[in-house]
Structures are given as structure tokens and as C-alpha cells.
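One structure below.
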Amino acid sequence: MSTRSQISGLQRRLGTTTVYVTHDQVEAMTMGDRVAVLKDGVLQQVDTPRALYDDPVNTFVATFIGAPAMNLIDAAVAHGVVRAPDLAIPVPDPAAERVLVGVRPESWDVASIGTPGSLTVHVELVEELGFESFVYATPVDQRGWSSRAPRIVFRTDRRTAVRVGESLAIVPHSQEVRLFNSRTETRLR
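This note's numbering numbers the first residue of the sequence shown as 1 and each following residue consecutively.
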């Protein structure tokens, strides 16, 4: 039995509130009913592990919670819509000229090149994990946007064969896209 499960079991048996401090986001997510995320001593967000993952208030929480981290794409906005090659995502802030588009690795689907709403990427690395793979790829066309990280990471299941060196298209699940103010890095709602 792991130390983590022993501590969780003890806390449940005692029926008491426990404050557990860790720098390990996996520990925090697996042990906490509610988790507080701090950056440089400043509270960023307090919520359930699921809410932190699904509904981060800013880019720090978005990239700290979850592994691999949420992809952040700096994109231009025109007429209230994110404008990147083949992507059109409505933006709730009509004055925004640029936004950060957040997409978790599991929130992409592999599609045919040229599929509306897709990004064409070049596969650089595939981490095979058995039941799933994490694919690290660079965008082929970056007109109007750029990735904060050198690569976009997306997850595929074991039925989707992806090879290093190939180009393919990925489409974000629109309901799972998160938008952030590019200057303040806070969530746009």
C-alpha cells in the first residue's frame, strides 16, 4: 500500500479535516477533496480536483494541473473569432485582439488533412504507453498563431496508429477548448 493511500485512509478513519502540503500535483489531485493552487505564495484557485482540471481560472493552473500540460496556443482574433488556419472559435471578449487557446492532450481527435477546423501537424515523437500514446507534433502552418511550447501534445488510443515523420490533422473538441486573455492570462468566459 502506498503512503498516499495510507494517509488518505487514516484521514477518512479519523473523520477530520486535514491540510496536506505538496509540490506534487498528482498527490494533490489524488488525495484532496479540495485543492488550493498557489504560485509564488499567491492563491490562484481552490476547488475540487476535477474542477481545477476542467475549469482552470488562469494559464498557471491550466498548465500546472494535468500531465502532459494543457497546450496553449497564442492566436489572433478577428471580428470576435479566433483566426488560425482552419480554426474558427468564438471569443467572449469582443475587444480581444489575441487570446490563448487552451486544449488538453485528450481533447484532440486525429482527422484527415484538410478537415474543416483542423490543424495540420508534423509528428516528431510518439510515446507508446500501451492503451494510449502521447504524440508530440509541430504545426505545419502557423499563420496567425503560435504554440507557447515547441510542440503540441495530443493523446491517441491504441487503435490510432501514428508514426514519427508523418503529417496529419488534429481537431480540438470545441466544448473542451478554454480561452484565456493573452495579456493577463486569466480565463475568458
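Beta carbons: idealized from backbone N, C-alpha and C, even for Gly.
Residues bridged to residue i [DSSP beta-bridge criterion]
i, result
"Phe134", "Glu127 and Arg155"
"Ile73", "Val101 and Ser147"
"Gln45", "Val37"
"Ala78", "Val81"
"Pro190", "Because residue 190 is not part of the residues shown, which for the chain are 1 to 189, the question remains open."
"Thr192", "With the chain represented from 1 up to 189, any question about residue 192 goes unanswered, as that position is not in the structure."
"Leu10", "BP columns for Leu10 are empty, so no partner."
"Leu120", "It is Thr, not Leu, that sits at residue 120 in the sequence shown. Its beta-bridge partners are Ala169."
"Pro139", "Val121"
Close-in-space but distant-in-sequence residues of the same chain around residue i (CB under 8 angstroms, 5 per side omitted)
i, result
"Thr3", "none"
"Leu52", "Met29, Val35, Val37, Gln45, Val61 and Ile65"
"Val26", "Ala67"
Whole-angstrom distance between residue j and residue i, CA atom to CA atom
i, j, result
"Arg159", "Val126", "14 angstroms"
"Leu10", "Gln45", "26 angstroms"
"Pro92", "Leu188", "7 angstroms"
"Ala149", "Arg13", "43 angstroms"
"Gly15", "Ser8", "11 angstroms"
"Leu72", "Arg163", "24 angstroms"
"Ala111", "Phe154", "13 angstroms"
"Asp33", "Thr156", "29 angstroms"
"Gln175", "Met70", "15 angstroms"
"Leu179", "Tyr20", "31 angstroms"
"Ser5", "Met31", "8 angstroms"
"Gly117", "Pro139", "14 angstroms"
"Ala76", "Thr63", "21 angstroms"
"Arg50", "Arg83", "30 angstroms"
"Thr22", "Ala88", "39 angstroms"
"Asp55", "Val103", "12 angstroms"
"Pro94", "Ala78", "9 angstroms"
Span of the alpha helix (DSSP H), counted from its first residue to its last, around residue i
i, result
"Leu183", "Here residue 183 is Arg; the residue named in the question, Leu, does not match the sequence. Run containing Arg183: none; DSSP gives neither H nor E here."
"Val21", "Per DSSP, Val21 belongs to no alpha helix (DSSP H) and is neither H nor E."
"Thr17", "Taken as a continuous stretch (DSSP letters only), Thr17 belongs to no alpha helix (DSSP H), as it is neither H nor E."
"Ala28", "Gln25 to Met31"
Residue i: first and last residue of the uninterrupted beta strand (DSSP E) it sits in
i, result
"Ala111", "Trp108 to Ala111"
"Ala169", "Ser167 to Pro172"
Residues of its chain near residue i, where Cβ-Cβ distance is below 6 angstroms and the 5 sequence neighbours each way are ignored
i, result
"His173", "Ser107"
"Glu128", "none"
"Thr18", "Gln11"
Cβ distance (whole Å) where residue i is taken to contact residue j below 8 angstroms
i, j, result
"Asp109", "Val171", "5 angstroms"
"Ala205", "Gly114", "There is no way to answer for residue 205, as the model of the chain reaches only from 1 to 189."
"Phe134", "Pro105", "6 angstroms"
Proximal residues to residue i (C-beta, below 7 angstroms), its chain only, five neighbours per side dropped
i, result
"Gly165", "Val123"
"Pro90", "Gly80 and Val81"
heavy atom of the ligand ADP below 7 angstroms from residue i C-beta
i, result
"Val42", "This structure lacks the ligand ADP, and indeed carries no ligand of any kind."
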